[in-house]
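Working notes for the structure below.
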Amino acid sequence: MKKFINIKIGILLLTISLISCNDNLNIEPEQYLSTEVVISNSENLSKVLNNAYNDARSSSSYGGSIAIASELIADDGDLWWNGTYVDPGEFIEKAMLSDNGFVESIWMNGYDIINQANIILGNSSAYVDEDEKQTAEAEAKFLRAMVYFDLARLFSKPYTNGIQNTQLGVPLVFTAVLDPKNIDYPTRNTLEEVYTQVITDLTDAYDLLPSSNGVYATKYSAAALLARVYLQMGDYTNARDMADEVINNSGASLTNTFSGAFNNDENSEEDLLAWQVTSQDASSNYLNLFFAGSDFGGRSGNPDIDVEDQHYDIYDDSNDQRANFFYEAKYWCTTKWQYQFGNIPFIRLAEMYLIRAESNFRLTTTVGDTPVNDINKLRSRSTASTFGTVDLDIILMERKRELSFEGFALFDAKRLGNNIGTISYDANQLVLPIPLRETDANTNLEQNPGY
Amino acid sequence: MKIKSYFFFGLFFITSIIFAQEKEISGTIIDEQGMPLPGVSIIIENTQTGTETDFDGNYSIKAKPENVLIFSFLGLKTVKQTVGKKTTINVSMISDNQLEEVVIVGFGKQSKRTVTDNIASLTSKDLNNIPISNLQGALTGKAAGVQIQQINGKVEGGVKMRIRGVSTISSSQEPLYVIDGMPLINDDESVSDAPMNPLISLNPNDIESIQILKDASSAAIYGARGTNGVVLITTKQGKSGKTKISVNSSYGWSEATNTVKFLNAEQYVELFTEASANSYGADDLWLTEPGGYFDDMANGLDWRNGEVDTDWTDYALVNGSVQDHSFSISGGDEKTVFYVSGAYNNTEGIVRGNSLERYSYRGNLDHKVSDKFRIGLNSSLSKTQISRIGTDNSFSTPLQAIAQSPLNPAYLDDGVTPNNESTIYYNFLMQEYNGSWDVNITRAIMNTFAQYDFTPDLSFRTEIGYDSNNQLDEYFAGSLTESASTNGYADATSIQSDKYNINNYFTYQKSFNTSNLEVVAGMSFEESSRKRQYVAGTGFPSDALQTVESASEITAGSSSRTKYNFLSYFSRATFSLYDKYLLKGSIRYDGSSRFGADNRYGIFPAASVGWILSEEDFLKNSNTVSSLKLRGSYGITGNAGIGNFASLGLYNGSAYNKTSSLSPSQLANSDLKWERTTQVDVGLDFGLLNNKITGEVDYYVKTTNDLLLNEPVPGTSGWSSITRNVGSMQNSGFEFVLNTTNVTTSNFTWNSSLNLSTLKNEVTKLPNGDIVAERNLVREGETISSFYLVEYAGVDPDNGDALFYTNTTNADGTLDKTKTNVYSDAERIVTGNPYPTLMAGFTNNLSYRNFDFSFTFQGEWGASIYNEGGKFQSGNARYEDNQTADQMNRWQNPGDITDVPQARMYSTNGQQASTRYLEKSDFIRLRNLSLGYTIPRNVTQKFSVDRLRIYFTGVNLLTFTDYTGYDPESTYDNYGNSSIQKGIAFYSAPPAKTFTLGLNIDL
């Protein structure tokens, strides 16, 4: 009997000992940090900022989708879509549906970047070093403004200078969402409000950013982006002055050859900001994926976006390096996006010369230099013959020769009032639909007309 | 009366004096058909002495006249005979009637007669000889209210088992699988979006029985993981007596259940020439001119003279084969029994390049240390090798080849190198030619137990289980594949999952005069951990060097660890009074690391009652009603099938320009708690005409509250969704089971079993409004995952435009059925859903002399499938993809009445998402059929063979359906793990139709 009692006690002990397993229910994640740890520490916040750049570089935004949407929607025969993806096919057909996956990812990723910028701005008190804090805040504002600007350009009717642009813009969100309780269901702000915010953020960034900041946004990245924004708004004075500021003070210079500006592992001297792509980021470059031949990382359309005969008409000099910046796969490809792991230039100095030239011409001023000199500077670099005089058409054509396939097409068409084929520049179908998942999730969002 | 008693007493007294010594008893045991029964156990009551019948059903044993002999055999009614004066005792054993069956329940077993729960019970007989490499497949159509669906025809493909519908939106919809008391690892470890069946490494031949716990009363003992039902698997065990050797060997071949007809070259040229003319004018000859697009496609062959007409389906769907060989050795003595088995399965899929090879071993041992102390060990080891192919959404998956033009030659002139020069899309044949994707899974499952009986009433059992699932994926794509730009690509992923489990529980069982009581109480602890390593590289010196070691650059790599655990206490009491009033109650207290500290524990109670009416006087002597039991149950179960850290706000490491970054990956929600499902079940078990007809009728209502929901949030928040406890959902339905013994004669028997179940699912509360996931909708008042689509209205006879109903809501609430050709003017409506509302299974078993024959029909009604690939496959030549043959019915001239709009190349006309691509998927299928012949014993015995049976088995031999796609059960495997996106087809391969010949040998 004693033996039984011993066994019973043993079993009882075994059972009780397992009750203390309770402590084992606390298991910490091994691949994640908690929100509290991240937002209370400036080093961690800086890593969130770094991630905001990473997300900006993603194929959903500046790693391709935005530029591809712009180029394909604005295309009137320069390009042809050979690819199998439905979404870019809808762009070139100008028949976007509100469930277009590219449109959704541009929107979602854009606001993800904005939220990360807001996380920095809302928790910057964690920075002890005042300079670090100032730079982090300025970079966050730069990124936030950059995204709002492009969302506004894609999801709204064109901006018209000199009037109150009361047409629908995109919702402006300034509060970081770290807790489900902070999620709200915003309505769309007016386009005017969005542009005002973009100018405010960029001006702050311009004032506070250092002039040198590694591969990240600098004072002159902000100035250059401001020049781009003012140009889009038709505010040529400010556009000119900002472009002039960049040309004079940024220290950037045109690369010796046109090809030097592209397919680089490291930023070129012409880059005012470029998205960094390494061989670890294979899937982050949609420009390569869709514009390059399949031997260079492009998809099976080889390339999916090929350059058609019509395009070559814009080149007026066969010695122009830009006229020869193409290669043949199954169809013809632009060489701009040939290198799968090359950095993606976001703002090149060449654009600043074009903005200054156009603005000076329109304002009949010669701030910095004459339009013809600015244009010739670009032409000489590409070994094209120079002009004696220029007019607006020549300047704009030069702009196209210089910036094709870099995502300017749609925004220039809307700015300049250029119709696309028979479609009016301000037509509904040239504005992206608010993503269906977004109008489903937030009934306060008004859909764009035509969708 | 008195005289009679005295007489017997006297007789007993006298005989016991006279014959109180041992004598030899012998006899023959036969079954209902008069066939001798080998292996029947004969034991002298209250002793350890026993024997077993030989091949001919003969036995002999020494016994005293007062002894009682107990004749027992699994599945047959036990017979007791007092020896008395007899020296020969022949017994004819009859089959155990169904209500006397014993069923396994969580932490114990119970007589089916007194069970008050709804449990579907299947034995090895139901599973045997169905040549399906996964065990779930063999269950299809056999249990009421249980839907089993293999996502599509890939051999390793995920299998979805839905017990009484889907009772959750975002957490796991999978039942809990428990093998010999040990919860199994059931995580999909596929490295692609297409799920793999985690149970693929189990050998179905080792299974003795499967019990599916369907109602809350039975599942609540598994508390937080009971909501989706529990599948209890019991493996085979030896029986004391003669050592038995069984061998099963089968070989078969297979093909797709269905193919879809696509255009041939001539039709393709006709349709696309017309489509181009409609878009660009008949003068634009870019397709047909010399050097035009058709010439490009044909890659040098002359399509004009029919030199090329590729039927891509023939390349994608091929003839497969199935081989299954297994043996088992089982036996033992009174103290120790054992079962050892080995098996080999080799399945070549019907989708090109897809195959599976599995080696498995099992050893089960049970030993009585003493009368009071028992120990046992069940162990299994298996190795599975799978050749995988791409997901349904990849050009490398074979079935996407149907998109290629019939003008595209499959191979280059050499006949060996796949043509990737001129195909519209990447040619999948290149993957076979220049790539590989192999998965190796090693799985070990061990359960040991020790049981000690303190008294005959009280016992303690401890169980320790361990499950280890190791998977290695190796992928290679050579220099000719889609990875050409990097000169090849390879990756390797290794995953180690471990789960251990400890159960300790007491069982107290006591019979009183008029009542029985059983109490079970104990605890359980379970911990699961998972480690994963991954490395990828590009740039290979040669296509012959295919491992990452040869890569010139390592492009990605990672390793991660994660863990979760459960600590639980449980108790159950079962009480019966007068053997007719039944009562059961259970409670489980569960804690898990998956939930926030504030909501870590949950209590899951259940209760059930039963009344065996047939024991009451008014029915006791009925000739019609042989058994009748009314039962009802109520209980609460939970669902913890969410991520391991779903309540925490999380940031994970990432990088920009090779410097580290932190990426917000999850919003915190400390309020996250268990999902709770309340289920009420009312049922009736009946047996009529001496249980020749038996059956069950059940009605249940299953309500889930605090739904764990990945709720989409406005993207403007920077997030796309969060996990919250919101909303409610209800499933309700009838289940009906009818088993009949139609004929029983000595030569011919025929049994039938029919099951029917209905299912009504409704989302009853969704506070934050609709969730739309592409084509599927979750909306209050509707079935989960209802299709939400614009309604197609056919073709405008005047101009060939596709039309849609506007379906805007009129002032009176009706829908405006005006037709429009402007897609964006049409509103989406709720139209059908992906879950069947009626399911049925009908099984028949017949035997005539030495022939046996069985078959199962299975049917599902009420579900629909949306073909997401429809816009490409049946899109009136919008894209250059080959079209289904029905697209030749396109609109051509004003006045044409058709459903297919005018063909306009590269111009949208009806390809938008609409009901045009939605179809009912009702079907009836001859799920399996088997015909066997057992060679007469007098022949086989000459070779010392107990039994030799040859058989033919067929799976999916016939399918009756109006569905025009590949198969009414095949869906998009990329959505295999999606909880909302269901019923979508996208180049999804049909299942296999299999024909097998086999041989059973018992020695």
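Taken in order, these protein sequences are the chains called A and B. For the first sequence, our numbering assigns the number 1 to the initial residue and increments by one for each residue that follows. For the second sequence, our numbering assigns the number 1 to the initial residue and increments by one for each residue that follows. Even for Gly, the Cβ is constructed at its ideal location relative to N, Cα and C. Note that the coordinates shown come from a computational prediction; the quantities given were computed from them, not determined experimentally.
Of the listed residues the options, nearest to residue i (C-alpha basis)
i       : options                               : result
Y589(B) : E266(B), D598(B), F604(B) and Q892(B) : F604(B)
E269(A) : E43(A), A138(A), N26(A) and T255(A)   : T255(A)
V431(A) : I92(A), N41(A), P29(A) and N50(A)     : I92(A)
V194(A) : F149(A), L202(A) and D184(A)          : F149(A)
K239(B) : G39(B), D117(B) and D392(B)           : G39(B)
S284(A) : L272(A), G293(A), G298(A) and D271(A) : G298(A)
Burial state of residue i (16 or more Cβ within 10 Å)
i        : result
P290(B)  : exposed
S26(B)   : exposed
M196(B)  : buried
W107(A)  : buried
L709(B)  : buried
A992(B)  : buried
E880(B)  : buried
R561(B)  : exposed
N799(B)  : exposed
G895(B)  : exposed
I163(A)  : exposed
Y578(B)  : exposed
P1004(B) : A question about residue 1004(B) goes unanswered here, because the residues of chain B that appear run from 1 up to 1003.
A551(B)  : buried
S121(B)  : buried
Beta-carbon proximity check, residue i vs residue j, cutoff 7 Å
i       : j       : result
A556(B) : S592(B) : no
D801(B) : N833(B) : no
L662(B) : V38(A)  : yes
D475(A) : F290(A) : Outside the shown range of chain A (1 to 451) lies residue 475(A), about which nothing can therefore be said.
R927(B) : T856(B) : yes
S355(B) : G349(B) : yes
K765(B) : G727(B) : yes
Q338(A) : N418(A) : no
N264(B) : P406(B) : yes
A138(A) : L209(A) : yes
F142(A) : A205(A) : yes
L650(B) : S665(B) : yes
Beta-carbon neighbours of residue i, restricted to chain D and to distances below 7 Å
i       : result
D112(A) : Annotation note: the requested chain D is absent from the structure, which comprises protein chains A and B.
### Message
I'd like the ranges of any beta strand (DSSP E) spanning at least 3 consecutive residues and lying wholly in the segment 901–968 of chain B.
### Response
918–920, 923–934 and 947–961
### Query
Can at least three beta-carbon pairs, one atom from the segment 691–700 of chain B and one from the segment 305–324 of chain A, be found at a separation below 8 Å?
no
### Message
Please give the ranges of any beta strand (DSSP E) in the segment 486–529 of chain B, keeping only runs that are unbroken, at least 3 residues long and fully inside the region.
### Response
489–511
### Task
Spell out a yes or no on whether the segment 536–548 of chain B and the segment 507–524 of chain B are touching, meaning 3 or more CB-CB pairs, one atom from each, closer than 8 Å.
no
### Completely contained beta strand (DSSP E) runs for the segment 272–330 of chain A, where each covers 3 or more residues
305–307 and 326–328
### the segment 934–942 of chain B contacting the segment 841–852 of chain B, beta-carbon criterion three pairs below 8 Å
yes
### Query
Where are the alpha helix (DSSP H) runs, 4 residues long or more, that stay fully inside the segment 793–860 of chain B, in chain order?
none
### Message
To test your reading of the DSSP string, which unbroken alpha helix (DSSP H) runs of 4 or more residues are found completely within the segment 135–195 of chain B?
### Response
As far as the segment 135–195 of chain B is concerned, its whole alpha helix (DSSP H) runs of at least 4 residues are 135–139.
#### Entry: Segments assigned beta strand (DSSP E), at least 3 residues, entirely inside the segment 117–195 of chain A
none
### Query
Quick check: the segment 213–220 of chain B against the segment 278–295 of chain B, are there 3 or more CB pairs under 8 Å?
No, they do not touch.
### Validate contact between the segment 114–127 of chain A and the segment 59–74 of chain A using beta carbons, cut 8 Å, 3 pairs
Cβ pair count under 8 Å is below three, so no.
### Task
Run through the segment 55–109 of chain A for me and flag every whole alpha helix (DSSP H) of 4 or more residues, listed as ranges in chain order.
65–73 and 86–93
### Task
Give a yes or no on contact between the segment 947–964 of chain B and the segment 835–843 of chain B, applying the rule of three or more CB pairs nearer than 8 Å.
no
### Unbroken stretches of the beta strand (DSSP E), 3 residues or longer, contained in the segment 350–383 of chain B
355–368
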